[in-house]
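Protein chains in written order, with this note's numbering: chain Z, 22 to 235; chain C, -18 to 182. Yeah, the Cβ is synthetic: ideal placement off N, Cα and C, and Gly gets one too. For reference, the structure is listed below as structure tokens.
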């Protein structure tokens, strides 16, 4: 028995040793790679954002935000790190990573999108960005050697389930107005004034915690 | 599902206990309806019809194909013959998947008419990073190597039980195989599941 465990121990040591030699950065999200490149190129301004940064209305004479910024500040290097549905949680993880790397950009721009604070966005399982947050937290550490195996064994899967999301309480100020399932459901595909009112309330006014009365 | 169609449609239609033309009709109708079962769309009907046609065509040409293989010097059970059977089945099934996956016949027609264009872009591998396939040259060659390895394993398994061979091999070899398998699972496993096309309709 002792011999068996010894063999097993040696086997694991061998596996871990080989794993240490394998490349790790294949599956890292592109936005994180882009940030690394931007830091390497000494970007002065790091502009974070969600999909609204990438799209401008045809009627908008200002065109795209980042392009405009770059034209206004031709001496500065502007790096754009954006992804659809990014929110404050992700920006915080990026900011902590930049601090950990000891990089000092002149400006970090974090747009405030009111809708991203709503339970519809903040609690949406598909928009939790666990992979980005965990990658940024473990980057340049020993654990990056196990980045791919951790992904294979579902370490980066969203913790929030669809059921939990639908059960989330929705508050308007300190007033409980329902649960996510009352707003995010198929019936809202049918247009009506009531549905539109509730949609706007759910997306732009509500939060997933009871606001303090003071 | 295939046994359901056999028991409740193909056999009640007469199965193969009918004349040749009626049998062909039974086969084609069974495949057509099995296609329609997947959804009320012409794409599914064409998908089913294609499979019915493949089957009838293979039956009609079976003798001729066997003779041709003998003429060119390959036996019916030769590795080359086996390889071509796998390849042709794979290509034909993938072709039929176009109809299964497309939203409508126009989309399917567009995909088919563009099947042989744009390869230079698809097979362009960036020197700095992955190309259109999402792979670097090294990764592409590695993937081809793994596919070849899979085919070799498949051919060997026709004759021998590979697990038995590995278990009987010297300790160093079978531990090396176990280590390789663990490393392959850890590093080539799927981190983001992509559902098989059949589960997406």
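Checklist entry - So which of 70/Z, 180/Z and 99/Z has the shortest CA-CA distance to residue 113/Z? => result Sequence index remark: in the first chain, residue 113/Z carries index 92 (1-based). Nearest C-alpha to residue 113/Z: 70/Z.
Next on the checklist: Run through chain C and tell me which residues come within less than 7 Å of residue 43/Z, C-beta to C-beta.
Outcome noted: Residue 43/Z sits at position 22 when you count from the first residue of the first chain. Result: 168.
Checklist entry - CB residue 154/Z to CB residue 120/Z, shorter than 8 Å? => result Residue 154/Z sits at position 133 when you count from the first residue of the first chain. Residue 120/Z sits at position 99 when you count from the first residue of the first chain. Contact: no.
Next on the checklist: residue 153/C and residue 40/Z - do their beta-carbons sit closer together than 8 Å?
Outcome noted: Here residue 40/Z corresponds to residue number 19 of the first chain, with the count starting at 1. Here residue 153/C corresponds to residue number 172 of the second chain, with the count starting at 1. In this structure, residue 153/C does not lie closer than 8 Å to residue 40/Z by Cβ.
Checklist entry - Do the CB positions of residue 51/Z and residue 140/Z come within less than 8 Å of each other? => result Indexing the first chain from 1 puts residue 51/Z at position 30. Indexing the first chain from 1 puts residue 140/Z at position 119. Not a contact, by the Cβ cut-off of 8 Å.
Next on the checklist: Bridge partners for residue 191/Z per DSSP, in chain order?
Outcome noted: Position 170 of the first chain, counting from 1, holds the residue named residue 191/Z. Looking at the DSSP assignment, residue 191/Z forms a beta bridge with 199/Z.
Next on the checklist: Do residue 186/Z and residue 146/Z count as a contact pair if the criterion is CB distance below 8 Å?
Outcome noted: Working through the first chain from its first residue, we reach residue 146/Z at position 125. Working through the first chain from its first residue, we reach residue 186/Z at position 165. Going by C-beta atoms, residue 146/Z is nearer than 8 Å to residue 186/Z.
Checklist entry - In chain order, what residues of the same chain lie with their CB nearer than 6 Å to the CB of residue -14/C, ignoring the 5 residues before and after it? => result For the purposes of this step, residue -14/C is taken as the residue at position 5 of the second chain. So the list reads 11 and 15, once near-sequence residues are dropped.
Checklist entry - Do residue 102/Z and residue 115/Z have their C-beta atoms within less than 8 Å of each other? => result Position 81 of the first chain, counting from 1, holds the residue named residue 102/Z. Position 94 of the first chain, counting from 1, holds the residue named residue 115/Z. Yes; because the gap between Cβ atoms is below 8 Å, this pair is in contact.
Item to check | Stretch-stretch touch, CB-based, cutoff 8 Å, three pairs: the segment 149 to 163 of chain Z with the segment 174 to 182 of chain Z | outcome: yes
Next on the checklist: Using C-beta distances below 6 Å, list every residue in its chain close to residue 158/C, excluding the 5 sequence neighbours before and after it, in chain order.
Outcome noted: Taking the second chain and counting its residues from 1, one reaches residue 158/C at position 177. Closer than 6 Å at the Cβ level, and outside the excluded window around residue 158/C, lie 147.
Checklist entry - If you pair each beta-carbon of the segment 13 to 28 of chain C with each one of the segment 78 to 89 of chain C, do three or more pairs fall below 8 Å? => result yes
Next on the checklist: Considering Cα atoms alone, identify which of 125/Z, 166/Z, 26/Z and 197/Z is closest to residue 64/Z.
Outcome noted: As a first step, residue 64/Z is located in the first chain; it is residue number 43 there, counting from the start. Residue 64/Z has its Cα closest to that of 125/Z, out of 125/Z, 166/Z, 26/Z and 197/Z.
Checklist entry - Quick one: what does DSSP say residue 177/Z is sitting in, helix, strand or coil? => result Locating residue 177/Z in the first chain gives position 156, where the first residue counts as 1. Here residue 177/Z sits in coil by DSSP.
Checklist entry - Any Cβ of chain Z within less than 8 Å of the Cβ of residue 78/C? => result Taking the first residue of the second chain as 1, we reach residue 78/C at position 97. Taking Cβ atoms only, chain Z never reaches closer than 8 Å to residue 78/C, which makes this a no.
Item to check | Where residue 63/Z sits in the DSSP three-state scheme | outcome: One-based indexing of the first chain puts residue 63/Z at position 42. The answer is coil: DSSP assigns residue 63/Z none of H, G, I, E or B.
Checklist entry - Can a CB atom of chain C be found closer than 8 Å to the CB of residue 26/Z? => result Within the first chain, numbered from 1, the residue matching residue 26/Z stands at position 5. So, not an interface residue.
Next on the checklist: Distance cutoff 8 Å, beta carbons only. Does residue 164/C sit that close to anything in chain Z?
Outcome noted: Here residue 164/C is taken as the residue at index 183 of the second chain, counted from 1. It does; some Cβ of chain Z falls within 8 Å.
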